[in-house]
Every structure is written in C-alpha cells, then in structure tokens.
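First the structure, in the form of structure tokens, and then the observations on it.
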C-alpha cells in the first residue's frame, strides 16, 4: 500500500481524495498498488469538509510520519509551502505539488533537495493537460525551439467574451461571479499566473533558472474593444500568451496580450480552456488542449503523479540526469526582444498629426505595415501595425510620441506574433 498525506484540503484536495476512492480499482490496476490518503493538514479543523480522514494543523505530522510515503502539497503560497516541501524531502518523502508559485521561485533549490527522491508537479501547469510529462518525457529527444501557451483560463474567457462586443469590466465582473476570477483578479489578469507556469515549462525545455521578476510580464487590463476590432479587421485574434523561444544561445521568456493570426490552431482556443503549442527540432509542432483549472481537472493531474511514483518511476525533476553544458543558455534581455507591434494612439483631429508620428517612428527604425483611422467625438484613434523592431526602440518611440501635445490618452501597444 502507498500511503498519502495531503497538506491543504480545499477544492483540489477534496477532489483528490474523492477521485482516489471513486476510481480506486482502476488506480490499483494501473499502479499495481493500493493507494490511500491516511492524513490531512488544514488551517481550520472546524471547517466543514466532505471527507473522512484524520486531520491536523501541524504539517510535521505528515512530513515526518514514518508511515507516509508521499506528501501532496496543495496549500498554495510560496515560502510556507517551500518549508513544508523542504521538510518532506529532507525526510525522504516523495512529493507531489500543484503549486506553480512555489516552483516559479524555488524549483531549482527543490530539484537539488529532491535528488533521487521522486518529485512530481504535473498539476502546476495547465490543470488537466499532461504538458509536463509531454515536455519532459514525450519530447525528450527534441531541442525545444518554441513554446506558446494559453495558460490562464480567466484571461482567455474575458478575451473570448470581448469578441462579442462586451466591455472588459463587464466580463471581468461576470468571470468573478462564475468563479473563474478571484475577488482580487490581479494575479490572473495581470499575467503573473501565466508567468509562473511559463517559467516551469522553460526550465524543462531549456534548464534555465529565471524568476518572475526577470521576464516580461503584461496583463490584459488595457485591451479594449477598439483593439478587438482592429484584430478582426486584419485577421488576428488577441490572446494572452506565455511565449518561450530559443534564439541561438538566448532564451526569450515573455507573457503578454498577443495578436496572432486566425489560421493558427492556438487562436481557435476559446473560453476557459488552455492550450500549449510546442515546436521541437525533431517532431515539429505538437499541440495540447484541455481544461486548465478546476478541482477535478487538477486532481486528475495530481493523481497521475501519485500513480507514477507508486509505479516506482524516478524521473529527474526538471528532466535532466546530467547538466546540459553544451547547451548553456542565458535569458535574452527584455529590451533586445524583437517583435511586430500594434499601437493605439488617441489624438486631436488636426492636420500634421500622422506625419509627426510617422517621423518619430522612422527615427527609431520602426516602419508601418498597416494603418487604420477611427474617428470619435472630437478626436481620432490611430491604429498602427509595425514591422519588426526591438523592444527598446518601440519603448523610446512611444515615450516620445506620448509627449506630443495632441496625444490625448496613454498609448496602448500589443505585440504581434507571426
């Protein structure tokens, strides 16, 4: 028998317990062993839960219990969770976690602590989609050239509804009422949730240790219906994407709203669903699609990790048995990232405006690929798509244009990925 202790018994923890019991015969057949949760750790013992296992408020009763084989960490947070998982590993307990924030900051320290002790984390990225196993195991013969992912269902739902002509604030309120977004939605709509997940994928693909503070992160808060209209007119969809690219020995890591062509498979993923596209040098492009959140979807991934450990699999945590010295890579500086850009500039309706803006763009080596003009009451919205340029060039140009006396509102820009 494999005995489990769970730290954090909320929606996902209860779903893990429920589904381990519901599918226990199938799980026993797949793993070759009976798997049972024997103890749980919670903050509040008085809170009502639909489970029947012994509970404690002291995580050490799980991490140091000689009977327990696997510690499942579902408490969330960063530093407190790190202490729990660290204690479990020091006591030679196998670990399963769904905690993307923990891994975004401490994955390399945990890999060192784990050594040969099994450590699995499939549920940390894209919920029920087995993207960790696909990237670490299924695509292990490939140099990964690029990853593009819709890895936050809240943002995808909001942008999908905005295509119907609905306002951002209205849809965000609805997403909160439906339980897709938190009361404070900043972590989701600001791009931070997706950034944590991207960092985990990039570690497996490139063995690169970057923190959220090191990479480009922008959310969807400034996307409006004018941007949606421009996208539609020029054959694009707007998606919040996590993007990782290998260019020579540099890795681009960025999360931001992105204009992508409607013909791309990933552009067709709507609602709260997630999708990840991976390009390998051997296999080409592969695509993974499914529910990215929710108790049962996440529990499915957690239980699959438990089964892997019960079978005796000891995969290297981030997929490397030895350091990949010949592939030593570094993080590409944000200002050196090259992209096409869409700009929305609100200006007074007067002669010479377009000429002055075009002059500033040209001065910073930025050429215009397409242009739209949208008259409004008393002012004009100018919508540009540029050819490729560096991040530092577009930022300098935007700063200079923003200081012109006919510019009425902050300039919004969205990167174009082709």
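Residue numbers (the numbering used here): 167 to 584. Quick reminder that beta carbons are idealized off the backbone N, C-alpha and C, glycines included. These figures come from a predicted structure and were not determined experimentally.
Residue burial annotation: residue 296 is buried, with at least 16 other C-beta atoms found within 10 angstroms of its C-beta. The C-alpha of residue 240 is placed about 27 Å away from the C-alpha of residue 444.
Within the same chain, Cβ atoms closer than 7 Å to the Cβ of residue 531 are found at 555, 559, the five residues on either side in sequence being excluded.
Every beta strand (DSSP E) of 3 residues or more that sits fully in the region 507-553 is shown, in chain order, as 534-542, 545-552.
For residue 439, there is no enclosing alpha helix (DSSP H); the residue is part of the beta strand (DSSP E) that begins and ends at 439-446.
Membership of residue 196 in any beta strand (DSSP E) is not indicated; the residue belongs instead to the alpha helix (DSSP H) covering 190-197. Between the alpha carbons of residue 481 and residue 194 lies a gap of roughly 21 Å. With a cutoff of 9 Å on beta-carbon distance, residue 293 and residue 401 are scored as not near each other.
Note that the region 484-499 touches the region 361-376; at least 3 beta-carbon pairs, one per stretch, sit closer than 8 Å.
In this structure, residue 315 lies near residue 409, with their beta-carbon atoms less than 9 Å apart.
In the three-state scheme derived from DSSP, where H, G and I count as helix and E and B as strand, residue 322 is classed as helix. With contacts defined as CB atoms closer than 9 Å, residue 581 and residue 508 qualify as a contacting pair. Taking a contact to require three or more Cβ pairs closer than 8 Å, the region 256-263 and the region 282-293 qualify as touching. Residue 322 counts as buried, since at least 16 other C-beta atoms from the protein chains shown sit within 10 angstroms of its C-beta. Only residues of its own chain outside the window of five on either side were considered, and among them 202, 204, 233, 234, 235 have a CB closer than 7 Å to the CB of residue 169, listed in chain order. Take residue 536, set aside five residues on each side of it, and the residues of its chain with a beta-carbon closer than 8 Å to its own are 400, 550, 551, in chain order. Note on geometry: alpha-carbon atoms of residue 577 and residue 524 lie some 15 Å from one another. Per the C-alpha coordinates, the member of 230, 266, 307 positioned closest to residue 288 is 266. Counted as a single uninterrupted DSSP element, the beta strand (DSSP E) harbouring residue 581 occupies residues 578-583. In this structure the region 463-472 touches the region 169-185; the number of beta carbon pairs closer than 8 Å is three or more. Taking 9 Å as the cut-off, the beta carbon of residue 301 is found closer than this to the beta carbon of residue 485. Taking each of 254, 217, 219, 242 in turn and checking the Cα distance to residue 228, the smallest one comes out for 254.
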